[in-house]
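Everything on this sheet refers to the single structure shown next.
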Amino acid sequence: MHIILNHSSMVPIYEQLMEQIKSEIIQSNLIEGEGLPSVRKLAGELRISALTVKKAYDKLEEEGFVTTIHGKGTFVTASDKQLAVEARKRAVEEEFDKAIDKAVSVGMNQNEILELVQLLLDEK
1 MHIILNHSSM VPIYEQLMEQ IKSEIIQSNL IEGEGLPSVR KLAGELRISA
51 LTVKKAYDKL EEEGFVTTIH GKGTFVTASD KQLAVEARKR AVEEEFDKAI
101 DKAVSVGMNQ NEILELVQLL LDEK
């Protein structure tokens, strides 16, 4: 597992870690039953707090991507790719919601927001 964290990002470290592990599961780089590194080992490798890794693992478990067996470790659960795709879509939806709130707060109307989104999409 190859994790790259951006310490200067506004995205919390545990969220960066979660997203990268989810991505590995969705792309089948991590398969069902495969063990993740221990909290201490991964924290040491990434030079971050063990509490940060624990929080990421706990959130991944809440979302159904992994299962933790006390004393044995954290393992990838049966990968329901549809569940994983839906989780990613929800995350994107939340980001859009924040962006729309920000746009409205600076006085943009619906048409201006839609025009901006269309402009951005056209650039892709």
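Residue numbers for the sequence shown follow our numbering, so the first one is 1 and each next one is one higher. C-beta atoms are modelled at their ideal positions from N, C-alpha and C, and glycine is treated no differently.
Secondary structure of residue i, DSSP reduced to three states
| i | result |
| --- | --- |
| G64 | coil |
| E123 | coil |
Cβ neighbour criterion (16 or more within 10 Å) applied to residue i
| i | result |
| --- | --- |
| E24 | buried |
| Q16 | buried |
| M18 | buried |
| K89 | exposed |
| K22 | buried |
| I48 | buried |
| L30 | buried |
| V66 | buried |
Candidates the options: closest to residue i by CA position
| i | options | result |
| --- | --- | --- |
| P37 | K102, A91, L114 and A56 | A56 |
| L51 | V66, A87, P12 and D97 | P12 |
| G44 | N111, I3, V76 and V66 | I3 |
| F75 | R90, G64 and I100 | G64 |
| V39 | L30, T68 and K22 | T68 |
| G71 | D122, E95, G35 and Y14 | G35 |
Segments of 3+ residues assigned as beta strand (DSSP E) that fall wholly inside the stretch 17–99
66–69 and 73–76, all fully within the stretch 17–99.
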